[in-house]
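Respectively, the protein sequence lines represent chains B and V. Residue numbers for the first sequence follow this note's numbering, so the first one is 1 and each next one is one higher. Residue numbers for the second sequence follow this note's numbering, so the first one is 265 and each next one is one higher. Glycine included, each C-beta is placed from N, C-alpha and C at the ideal position. A short write-up of the structure that comes next.
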Amino acid sequence: MPHLPRGTLAMDSGTPQSVLRAENVSLVLGAQSILSGVDLAVAPGESVTLVGPNGAGKTMLLRVLMGLVAPTSGVVARRSGLRVGYLPQTLAPDPILPMDVRRFVGIGSDASQSRRSQALDEVGIGDLSRRPLHELSGGEMRRAMLARALLRDPEILVMDEPVQGVDLAGQVELYDRIAKVKTDNGSAVLMVSHDLNLVMAATDRVICLNHHVCCEGAPESVRGNAEYRALFGDDVESLAVYTHHHDHAHRADGEVVPLEQAHD
Amino acid sequence: MTEGLIGGLVVALVAAPMGCFILWRRMVFFGAAVSHSALLGVALGLALGINVTAGVVLTAAAVAVMLVILRRDKRLADDTILGVVAHGALALGLIALAFLKGPGIDLEAVLFGDIGSITRSDLVWIFAGGGAGLVVLAAIWKPLLAMTVHEEMAVIEGAPVAVIRMVFMLTLAVVVGVALKVVGALLIVSLLIIPAAAARRLTMGPESMAAIAAVIGVVSVLGGLQAHVAWGVPAGPAVVVVAVLVFGLTFGVGVRNLIRSDPGPN
Numbered sequence: 001m002p003h004l005p006r007g008t009l010a011m012d013s014g015t016p017q018s019v020l021r022a023e024n025v026s027l028v029l030g031a032q033s034i035l036s037g038v039d040l041a042v043a044p045g046e047s048v049t050l051v052g053p054n055g056a057g058k059t060m061l062l063r064v065l066m067g068l069v070a071p072t073s074g075v076v077a078r079r080s081g082l083r084v085g086y087l088p089q090t091l092a093p094d095p096i097l098p099m100d101v102r103r104f105v106g107i108g109s110d111a112s113q114s115r116r117s118q119a120l121d122e123v124g125i126g127d128l129s130r131r132p133l134h135e136l137s138g139g140e141m142r143r144a145m146l147a148r149a150l151l152r153d154p155e156i157l158v159m160d161e162p163v164q165g166v167d168l169a170g171q172v173e174l175y176d177r178i179a180k181v182k183t184d185n186g187s188a189v190l191m192v193s194h195d196l197n198l199v200m201a202a203t204d205r206v207i208c209l210n211h212h213v214c215c216e217g218a219p220e221s222v223r224g225n226a227e228y229r230a231l232f233g234d235d236v237e238s239l240a241v242y243t244h245h246h247d248h249a250h251r252a253d254g255e256v257v258p259l260e261q262a263h264d
Numbered sequence: 265m266t267e268g269l270i271g272g273l274v275v276a277l278v279a280a281p282m283g284c285f286i287l288w289r290r291m292v293f294f295g296a297a298v299s300h301s302a303l304l305g306v307a308l309g310l311a312l313g314i315n316v317t318a319g320v321v322l323t324a325a326a327v328a329v330m331l332v333i334l335r336r337d338k339r340l341a342d343d344t345i346l347g348v349v350a351h352g353a354l355a356l357g358l359i360a361l362a363f364l365k366g367p368g369i370d371l372e373a374v375l376f377g378d379i380g381s382i383t384r385s386d387l388v389w390i391f392a393g394g395g396a397g398l399v400v401l402a403a404i405w406k407p408l409l410a411m412t413v414h415e416e417m418a419v420i421e422g423a424p425v426a427v428i429r430m431v432f433m434l435t436l437a438v439v440v441g442v443a444l445k446v447v448g449a450l451l452i453v454s455l456l457i458i459p460a461a462a463a464r465r466l467t468m469g470p471e472s473m474a475a476i477a478a479v480i481g482v483v484s485v486l487g488g489l490q491a492h493v494a495w496g497v498p499a500g501p502a503v504v505v506v507a508v509l510v511f512g513l514t515f516g517v518g519v520r521n522l523i524r525s526d527p528g529p530n
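Below you can see the structure in the form of structure tokens.
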């Protein structure tokens, strides 16, 4: 038996302990079965995306995993003291609360002013640091939310529809950024998305949910799955997985800039 | 009168950050309902022979907790429940005080404050309650702000939201208790919200808004007491009127900023 350093979590039959795990989770609300027999685990540093049609229970599963809703049956286990960075589906800042962008990104952490500026630069909105939060566009707000969550130095970054309200060019860049989170921070990523193609390039594993887990696996293998194709139909054929390389980037306002200039 | 001045300043200091959260969390009517229950608290304190401030704090806390529970019934709107409780508490308090009527009960003082009657022993309560309120607010500031921005986000990221909400309610009850003698049950809520509302137009951050609200509260107490001494106007209402005047002045600043502000290239 190899010696484990102090503080290391015990290994379970050779696999690293997951940061987040659901076993046989079911959820019934009223007479409606929202989730049934869902098994799911996110390993440290792993990027997992929940996809599925509207009304498939993706957001509800996320709520159960995050402890907002208790499952009707089954078990949810989070690593104790798990540091989560969360991006809600919507965050509509209220102008009655005076808050500029640099103050907002400090919520949930004790990050210094210089770390905040750095985080804002990294998501490409360094020039907006003194802008009142409620004046941000949808895409700028998403970036600010991502910077805030990352400043928590999360063990898992949890996102519900992270590119909602962002134009296509911005979506591509945000997903690139999210894909980078894993390599830069070693953080696991769990996200919900109903769009199939962009997201698949940014993730290790896709879980296709339609009240139960239809199929799961690497993005390419899921795309070949019969149940998956039945759920999403022609979308699968008409759109290719969006893996690509950039020859330019976009600033938060959408303007085209050379690659090296965009991220610093 | 010195005691009154010191008491008023302490209350203004603790009311400022509390008032900011009341604005941000849209709890003005909630604050009013809890404040109106102070009347009942005075009656309770007298009837039980305990300290009146303690009676007010206990009653305000009970009403706050009751409101939180009642608001879970979604068949009635929040403002409906608050209206029922606020006026119910006020009416019940008036009846209770009428029964207890005798020497030492001055209804007008309970309703509108009597800063001149603040004694040394009142000051002890005001310092203890006001100081505790400030310490508690500072302690819960960060998670309370996080849940004000996005409550689910705060829950998911580990903030003990239910505990903090309850602590905030109890702190509000304490602030109501210590503010009663200064501005009275009917005007407590104005000392909470008017300085904060005036500060909103002058600030870009939550902490600076609380600090500026505290300054405006202090100025209001000083100005109100000055007017009380100089012209014999009732002190509590004078404090509120000064706060309203400052609020009016910030409108001028706000309008000027609007005219000056350049939206800039987008």
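Interface flag, V:GLY422 vs chain B, CB-CB below 9 Å: Interface flag for V:GLY422 against chain B is set, since a Cβ pair is found closer than 9 Å.
Against B:TYR228, what residues of chain V qualify as contacts under a CB-to-CB distance less than 7 Å, listed in chain order? Under the 7 Å cutoff, chain V gives no residues; its nearest Cβ is about 29 Å from B:TYR228.
Measuring straight from C-alpha to C-alpha, what distance separates V:GLY422 and B:MET66? Approximately 10 Å, taken between the alpha carbons.
Please state whether the Cβ-Cβ distance between V:GLY377 and V:GLY448 is less than 9 Å. It is a contact, given that the beta carbons lie within the stated cut-off.
Note down the Cα distance separating V:PHE511 from V:ALA499, rounded to an integer number of angstroms. One Cα belongs to V:PHE511, the other to V:ALA499, and the distance between them is close to 18 Å.
Residues of the region 118-148 of chain B with a CB closer than 8 Å to any CB of chain V: list them in chain order, please. The residues in question are ARG130 and PRO132.
Sequence-distant residues of the same chain with beta carbon closer than 8 Å to B:CYS214, five excluded per side: Counting only residues of its own chain and dropping the five nearest sequence neighbours on each side, B:CYS214 has a CB closer than 8 Å to the CB of GLY52, CYS208, ASN225, GLU227, TYR228 and LEU231.
In chain V, which residues lie less than 7 Å from B:VAL213 when you measure between Cβ atoms? Simply none; closest approach about 22 Å.
Say whether chain B places a C-beta atom closer than 9 Å to the C-beta of V:MET473. V:MET473 counts as touching chain B.
Return the chain-ordered list of same chain residues with a C-beta closer than 8 Å to the C-beta of V:ASP386, the five sequence neighbours on each side being excluded. If we look at V:ASP386 and ignore the five residues flanking it on each side, its Cβ neighbours are GLU267, GLY271, THR317 and LYS445.
Check this for me: beta carbons of B:GLY85 and B:GLY108, under 9 Å apart or not? Cβ atoms of B:GLY85 and B:GLY108: closer than 9 Å.
Tell me, please, whether the region 36-56 of chain B touches the region 179-194 of chain B by the rule of three or more beta-carbon pairs shorter than 8 Å. As far as the Cβ criterion goes, the region 36-56 of chain B touches the region 179-194 of chain B, which means the pair count is three or higher.
Test: V:VAL332 CB closer than 9 Å to a CB of chain B: Chain B contact via Cβ: absent.
Considering only their Cβ atoms, is the gap separating V:ARG464 from B:PRO98 smaller than 9 Å? In contact: B:PRO98 and V:ARG464 (Cβ atoms closer than 9 Å).
Which term fits B:GLY55, buried or exposed, when burial requires 16 or more other beta carbons within 10 angstroms of its beta carbon? The residue is exposed, with fewer than 16 neighbouring Cβ atoms inside 10 Å.
Cα-Cα separation, V:VAL329 to V:ILE369: C-alpha separation (whole angstroms): 28 Å.
Chain B residues whose Cβ lies nearer than 8 Å to that of V:ARG464: Chain B residues near V:ARG464: ILE96 and PRO98.
Cross-chain neighbours of V:TRP288 in chain B, by beta carbon under 7 Å: Ordered by position in chain B, the residues that pass the 7 Å Cβ test against V:TRP288 are ILE96 and LEU97.
Would V:ALA403 pass as an interface residue toward chain B - the criterion being a Cβ-Cβ separation below 9 Å? So, not an interface residue.
At which residues does the beta strand (DSSP E) containing B:GLY37 begin and terminate? Per DSSP, the unbroken beta strand (DSSP E) holding B:GLY37 starts and ends at 32-42.
Do B:GLN164 and B:ARG142 have their C-beta atoms closer together than 9 Å? With contacts defined by Cβ atoms closer than 9 Å, B:GLN164 and B:ARG142 form a contacting pair.
Cβ shell of V:VAL508 (< 7 Å), same chain only, five flanking positions each side left out: ILE458, listed in sequence order.
Could one say the Cβ of B:PRO162 lies closer than 9 Å to chain V's Cβ atoms, at least one of them? Closer than 9 Å: no.
Beta-carbon proximity list for V:LEU354, same chain, < 7 Å, skipping 5 on both sides: The beta carbon of V:LEU354 is closer than 7 Å to those of HIS300 and LEU303 in its chain, skipping five residues each way along the sequence.
Is B:ASP184 buried or exposed, if buried means 16 or more other CB atoms sit within 10 Å of its CB? By the Cβ neighbour-count rule, B:ASP184 is exposed, with fewer than 16 other Cβ atoms within 10 Å of its own.
Can you list, in chain order, the residues of its chain with a C-beta nearer than 8 Å to that of B:MET1? Leave out the 5 residues immediately preceding and following it. Below a pLDDT of 50, predicted positions are generally treated as unreliable, and B:MET1, at 40, falls in that range; the measurement from the model is reported next regardless. Hits under 8 Å: none found.
Contact between the region 20-29 of chain B and the region 166-181 of chain B: three or more CB pairs below 8 Å? Three or more Cβ pairs closer than 8 Å define a contact, and the region 20-29 of chain B falls short of that threshold against the region 166-181 of chain B.
Give me, in chain order, the residues of the same chain whose beta-carbon lies closer than 7 Å to that of V:VAL479; leave out the 5 immediate sequence neighbours on both sides. The beta carbon of V:VAL479 is closer than 7 Å to none in its chain, skipping five residues each way along the sequence.
Please report whether the beta-carbon of B:GLY85 lies at a distance below 9 Å from any beta-carbon of chain V. Chain V, which has a Cβ nearer than 9 Å to the Cβ of B:GLY85, makes this yes.
In angstroms with no decimal places, state the Cα-to-Cα distance between V:LEU310 and V:ALA373. Roughly 15 Å between the two C-alpha positions.
Any contact between the region 157-173 of chain B and the region 68-81 of chain B? By contact I mean 3 or more CB pairs, one from each, below 8 Å. Taking one beta carbon from each stretch, the region 157-173 of chain B and the region 68-81 of chain B have fewer than 3 pairs nearer than 8 Å; the two do not touch.
In this structure, does DSSP put V:ALA326 in helix, strand or coil? Helix, per DSSP.
Check whether chain V comes within 9 Å of B:LEU239, counting only Cβ atoms and requiring the distance to be less than that. Caution applies to B:LEU239, whose pLDDT of 43 falls short of 50 and renders its modelled position unreliable; the model cannot decide the point.
Between V:GLU415 and the rest of its own chain, which residues show a CB-CB distance below 8 Å, the 5 nearest in sequence each way excluded? Within its own chain, the residues whose Cβ lies closer than 8 Å to the Cβ of V:GLU415, once the five positions on either side in sequence are excluded, are VAL425, listed in chain order.
Distance CB(V:LEU455)-CB(V:ALA437) smaller than 9 Å: No; because the gap between Cβ atoms is not below 9 Å, this pair is not in contact.
Looking at V:MET265 and V:VAL542, is the spacing between their C-beta atoms short of 9 Å? Chain V is shown from 265 up to 530; residue 542 of chain V falls before or after that span and cannot be answered.
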